[in-house]
Amino acid sequence: MTALHGAPDWYKDVIIYEIPVKSFFDKNHDGVGDFPGLIEKLDYIKDLGVTALWLLPFTDSPLRDDGYDIRDYTTIHPSYGSMDDVRRFIDKAHDLGLRVISELVLNHTSRTHPWFVSAASSRSSPYRDYYVWSDTPEKYRGTRIIFSDTEKSNWTWEPRTRQYYWHRFFHHQPDLNFENPKVQEELLKVVKFWFGLGVDGLRCDAVPYLFEREGTSCENLPETHTFMKRLRAEVDREFPDRMLLAEANQWPQDVLPYFGEGDEFHMAYHFPLMPRLFIAIAKSDNRPIIDILDQTPKIPSACQWAIFLRNHDELTLEMVNDQERDYLWSTYAQDPRMRLNIGIRRRLAPLMQNDRRKIDLMHSLLLTLPGTPILYYGDEIGMGDNVHLGDRNGVRTPMQWSSDKNGGFSRANPSDLYSPVIQNPIYGYQVVNVENQARFPTSPLNTLRQMIAVRQSARLFGRGELHFLHSKNRSILAYFREMGKDVALIINNLSDRAESVTLDLSRYRGYSIVEMFDKTPFPLIARARFHFTLSPYGFFWLSLIPPARTQRNHARAASSASHPERRLIDS
Ligand code: BGC
5 MTALHGAPDW YKDVIIYEIP VKSFFDKNHD GVGDFPGLIE KLDYIKDLGV
55 TALWLLPFTD SPLRDDGYDI RDYTTIHPSY GSMDDVRRFI DKAHDLGLRV
105 ISELVLNHTS RTHPWFVSAA SSRSSPYRDY YVWSDTPEKY RGTRIIFSDT
155 EKSNWTWEPR TRQYYWHRFF HHQPDLNFEN PKVQEELLKV VKFWFGLGVD
205 GLRCDAVPYL FEREGTSCEN LPETHTFMKR LRAEVDREFP DRMLLAEANQ
255 WPQDVLPYFG EGDEFHMAYH FPLMPRLFIA IAKSDNRPII DILDQTPKIP
305 SACQWAIFLR NHDELTLEMV NDQERDYLWS TYAQDPRMRL NIGIRRRLAP
355 LMQNDRRKID LMHSLLLTLP GTPILYYGDE IGMGDNVHLG DRNGVRTPMQ
405 WSSDKNGGFS RANPSDLYSP VIQNPIYGYQ VVNVENQARF PTSPLNTLRQ
455 MIAVRQSARL FGRGELHFLH SKNRSILAYF REMGKDVALI INNLSDRAES
505 VTLDLSRYRG YSIVEMFDKT PFPLIARARF HFTLSPYGFF WLSLIPPART
555 QRNHARAASS ASHPERRLID S
């Protein structure tokens with residue numbers, strides 16, 4: 005096992021790329037992506053510029069919830085390869101400087117997990133108390149149903165032992181009983197197994213729901229924090245450089261306790277920011293973004309938000325009010341087939357009506373707002389989705405590598421693929437694929453590569469403070485990112501028209517401005533008010549250089565005429 009060294013808070017500096025192993029590349033031609041295939045594509049991932057991979061569940065499972073229905077926590081699903089393949093994958097990723105984050109599904113198992121098979125066979129099974137049972141479905145009535153399109157209750161009747169069992173997700177995914185110390189021990193063993201194998205981080209699935217308590221919503225209970233703090237303490241003792249990421253789809257004030265005092269999770273998703281990015285660009289209005297970030301409390305210094313545009317689930321609309329939800333539904337999911345539970349099952353490019361300017365702008369926001377960005381596989385080439393596939397499968401189709409058979413994903417017969425590839429004239433693999441896009445410098449793929457490279461050149465994006473600049477023009481979202489002496493000014497035009505804006509830059513009077521992509525110098529900040537003009541959905545990433553450094557840079561620029569490899573700006 006090779007380990008990666010570096011800062012213990014490495015998770016602040018990475019860009020994460022989310023991948024379902026089954027969807028990426030099929031090396032053994034059986035129609036399902038696998039670890040050997042993923043290993044083969046690591047160079048592509050490295051070239052994209054991302055620095056961490058988050059893999060969706062890949063252990064044994066009946067796959068009724070794409071692997072979140074765990075049958076075995078430590079055996080690899082045979083379609084994806086072997087434990088040796090996983091070890092080789094982690095080693096190769098580490099050799100390339102890529103961190104590996106995998107899943108920890110704490111809250112539930114599959115009904116086919118041997119624990120549940122035994123528990124459901126007899127009330128005297130030693131595993132009976134691994135799950136939550138009741139004689140009546142009236143318990144915990146204050147608890148909402150998450151998969152509201154498919155489940156009518158959080159209780160399901162188990163006829164053999166004549167009791168109901170509790171589940172927050174699908175009925176075939178019984179919740180584990182965290183009141184039982186043995187369950188806690190089992191899950192701690194799982195954590196140590198994966199960290200022992202060399203993964204760098206664990207994304208902890210569905211964390212708010214671990215415990216149940218009558219008279220509550222059964223979410224975010226204090227017992228959950230007590231358990232997570234214990235888990236964290238054990239991780240710190242044995243694996244001090246690893247990361248725990250909380251999936252808690254909650255309001256920022258309810259997520260805050262998951263950071264504890266820096267002694268619980270290292271990271272948590274910022275769920276409420278995501279739908280507001282989509283509202284802001286649709287309404288050409290910066291307020292939804294400013295409001296939610298203004299309401300976001302400060303988090304302990306070692307902690308970090310994870311931010312994202314899309315992922316493997318529906319675009320969840322739980323963290324918006326009814327009016328905002330209606331607006332998002334009517335804007336982005338007119339066709340009822342695009343809706344699922346309380347969300348929208350579509351990919352980024354179709355949501356943006358395939359408008360390159362909007363897609364690039366969304367990436368500009370993702371890469372420059374505070375937090376660690378997560379990209380969803382395929383969105384870098386603008387892949388489409390398939391609303392005809394059930395559940396969330398329409399956003400989990402095979403990666404489109406080339407215009408060859410099956411989009412270059414697999415040599416199998418098309419009918420043997422785990423999912424059909426996208427085949428329509430706009431998003432089909434014949435048109436949208438990595439090979440085509442690698443050829444053109446301004447393709448979505450190469451543009452995003454360049455944006456990632458610029459982001460990675462300045463640590464302030466992952467670590468700096470955020471200060472909004474206010475102006476009369478609400479279509480413009482402008483902010484400083486600041487870390488010590490390093491400053492970037494980011495200006496985004498959320499509207500489909502050219503816009504001008506006057507910003508008060510007095511805070512940085514005397515600084516010079518350099519555009520971060522092409523290193524083009526802009527005029528010096530001589531006066532407080534500075535005027536910018538932006539094209540429709542345009543954006544600027546500007547580095548602000550203090551006067552002393554400007555002079556040094558001028559001197560360097562003069563000498564770099566004879567040493568062209570020296571860069572003008574060192575941000
Ligand atoms: C995952 C979903 C999954 C659910 C139940 C979620 O948080 O992201 O894909 O269906 O957990 O395990």
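Mapped onto my numbering, the consecutive letters of the sequence shown carry residue numbers 5 to 575.
Backbone N, C-alpha and C define an ideal beta-carbon position, used for all residues, glycine too.
Practice problem: In the DSSP assignment, find the beta strand (DSSP E) that holds residue 508 and state where it starts and stops. | Solution: The residue labelled residue 508 in the question sits at position 504 within the sequence shown. From DSSP, the beta strand (DSSP E) with residue 508 extends over 503-508.
Quiz item: Under a Cβ-count criterion, where at least 16 other Cβ atoms within 10 Å of its own Cβ denotes burial, should residue 285 be classed as buried or exposed?
Solution: Here residue 285 corresponds to residue number 281 of the sequence shown, with the count starting at 1. Residue burial annotation: residue 285 is buried, with at least 16 other C-beta atoms found within 10 angstroms of its C-beta.
Exercise. Specify whether the region 141-161 and the region 214-233 touch according to this definition: at least 3 beta carbon pairs, one from each stretch, less than 8 Å apart.
Key: With three or more CB-CB distances shorter than 8 Å, the region 141-161 counts as touching the region 214-233.
Exercise. Compute the distance between the beta-carbons of residue 471 and residue 483, then report whether it is under 8 Å.
Key: As a first step, residue 471 is located in the sequence shown; it is residue number 467 there, counting from the start. As a first step, residue 483 is located in the sequence shown; it is residue number 479 there, counting from the start. Going by C-beta atoms, residue 471 is nearer than 8 Å to residue 483.
Practice problem: Give the C-beta separation of residue 412 and residue 310 to the nearest angstrom, bearing in mind that I take them to be a contact with Cβ-Cβ under 8 Å. | Solution: Translated into the one-based positions of the sequence shown, residue 412 becomes position 408. Translated into the one-based positions of the sequence shown, residue 310 becomes position 306. Actually they do not touch by this definition, with Cβ atoms about 30 Å apart.
Quiz prompt | Contact under 8 Å by Cβ, residue 548 with residue 464 | solution = Residue 548 sits at position 544 when you count from the first residue of the sequence shown. Residue 464 sits at position 460 when you count from the first residue of the sequence shown. The answer is no: Cβ separation not under 8 Å.
Exercise. Answer with buried or exposed for residue 24, where buried requires no fewer than 16 other C-beta atoms within 10 angstroms of its C-beta.
Key: Translated into the one-based positions of the sequence shown, residue 24 becomes position 20. Buried, by the Cβ-count rule.
Practice problem: Round the Cβ separation of residue 485 and residue 372 to the nearest angstrom and send it over; I've been treating them as touching at under 8 Å. | Solution: For the purposes of this step, residue 485 is taken as the residue at position 481 of the sequence shown. For the purposes of this step, residue 372 is taken as the residue at position 368 of the sequence shown. About 7 Å; that satisfies the 8 Å criterion.
Self-check item: residue 308 classed as buried or exposed, judged by whether at least 16 other C-beta atoms fall within 10 angstroms
Solution: Translated into the one-based positions of the sequence shown, residue 308 becomes position 304. Buried, since its Cβ has 16 or more Cβ neighbours within 10 Å.
Self-check item: Same chain, Cβ closer than 8 Å to residue 567, five either side skipped, listed in chain order
Solution: Stepping through the sequence shown from its first residue, residue 567 is reached at position 563. Since pLDDT at residue 567 reaches only 38, below the 50 mark, its modelled position is unreliable, and no value is offered.
Exercise. Taking only heavy atoms of ligand 1 into account, decide whether any of them is closer than 7 Å to the Cβ of residue 109.
Key: As a first step, residue 109 must be located in the sequence shown, where it is residue number 105. Result yes, Cβ under 7 Å from ligand 1.
Practice problem: Would you mind giving the Cβ-Cβ distance between residue 441 and residue 385, rounded to the nearest angstrom? I have them listed as a contact below 8 Å. | Solution: Translated into positions along the sequence shown, residue 441 becomes position 437. Translated into positions along the sequence shown, residue 385 becomes position 381. Right, the Cβ-Cβ distance comes to about 5 Å (below 8 Å), so this counts as a contact.
Quiz item: When the Cα of residue 13 is compared with those of 394, 160, 204, which residue comes out closest?
Solution: Indexing the sequence shown from 1 puts residue 13 at position 9. Ranking the options by Cα distance to residue 13, first place goes to 204.
Quiz item: Beta carbon of residue 274: closer than 7 Å to some heavy atom of ligand 1?
Solution: Counted from its first residue, the sequence shown places residue 274 at position 270. Not so, every heavy atom of ligand 1 lies at least 7 Å from the Cβ.
Exercise. Return yes when the Cβ of residue 250 is within less than 8 Å of the Cβ of residue 272, no when it is not.
Key: Numbered from its first residue, the sequence shown carries residue 272 at position 268. Numbered from its first residue, the sequence shown carries residue 250 at position 246. Less than 8 Å divides the Cβ of residue 272 from the Cβ of residue 250.
Quiz item: In terms of DSSP beta bridges, what is residue 307 paired with?
Solution: Along the sequence shown, read from residue 1 onward, the residue named residue 307 stands at position 303. Looking at the DSSP assignment, residue 307 forms no beta bridge with any residue, so it has no partner.
Quiz item: Secondary structure at residue 296, three-state DSSP: helix, strand or coil?
Solution: For the purposes of this step, residue 296 is taken as the residue at position 292 of the sequence shown. Shown here, residue 296 sits in a helix according to DSSP, grouped into three states.
Practice problem: Give the straight-line distance between the Cα atoms of residue 134 and residue 89, rounded to the nearest whole angstrom. | Solution: For this step, residue 134 is matched to residue 130 along the sequence shown. For this step, residue 89 is matched to residue 85 along the sequence shown. Whole-angstrom Cα-Cα distance: 31 Å.
Quiz prompt | Reduced DSSP category for residue 570 - H, G, I as helix; E, B as strand; rest coil | solution = Numbered from its first residue, the sequence shown carries residue 570 at position 566. With a pLDDT of only 29 at residue 570, under 50, the local geometry of the prediction cannot be trusted, and the value read off the model is given with reservation. Coil at residue 570, not helix or strand.
Quiz item: Cα-Cα, which of 91, 216, 244, 456 is closest to residue 54?
Solution: Position 50 of the sequence shown holds residue 54. Nearest to residue 54 by C-alpha distance, out of 91, 216, 244, 456, is 456.
Practice problem: Specify the secondary structure class of residue 160 as computed by DSSP and reduced to three states. | Solution: For the purposes of this step, residue 160 is taken as residue 156 along the sequence shown, with counting starting at 1. Look at residue 160 here: in three-state DSSP terms it is strand.
Exercise. Please indicate yes or no: does the CB of residue 250 lie closer than 7 Å to some heavy atom of ligand 1?
Key: Along the sequence shown, read from residue 1 onward, the residue named residue 250 stands at position 246. Checking every heavy atom of ligand 1 against the Cβ of residue 250, none is found closer than 7 Å.
Quiz item: So is the beta-carbon of residue 173 under 7 Å away from any non-hydrogen atom of ligand 1?
Solution: Taking the sequence shown and counting its residues from 1, the one referred to as residue 173 is at position 169. The answer is yes for residue 173.
Self-check item: Stretch pair the region 162-182 + the region 86-103: three plus CB contacts closer than 8 Å
Solution: no
Quiz item: Are residue 17 and residue 30 touching if we call contact CB-CB under 8 Å?
Solution: Walking along the sequence shown from the start, residue 17 turns up at place 13. Walking along the sequence shown from the start, residue 30 turns up at place 26. Going by C-beta atoms, residue 17 is not nearer than 8 Å to residue 30.
Quiz item: Within 7 Å: the Cβ of residue 72 and any heavy atom of ligand 1?
Solution: If you number the sequence shown from 1, residue 72 lands on position 68. For ligand 1, at least one heavy atom lies less than 7 Å from the Cβ of residue 72.
Quiz item: residue 520 to residue 526, Cα distance in whole Å?
Solution: As a working note, residue 520 is residue 516 in the sequence shown. As a working note, residue 526 is residue 522 in the sequence shown. Distance between the alpha carbons of residue 520 and residue 526 is about 11 Å.
Quiz prompt | Three-state secondary structure assigned by DSSP to residue 188 | solution = By one-based count along the sequence shown, residue 188 stands at place 184. In the structure shown, residue 188 sits in a helix (DSSP, three-state: H, G or I).
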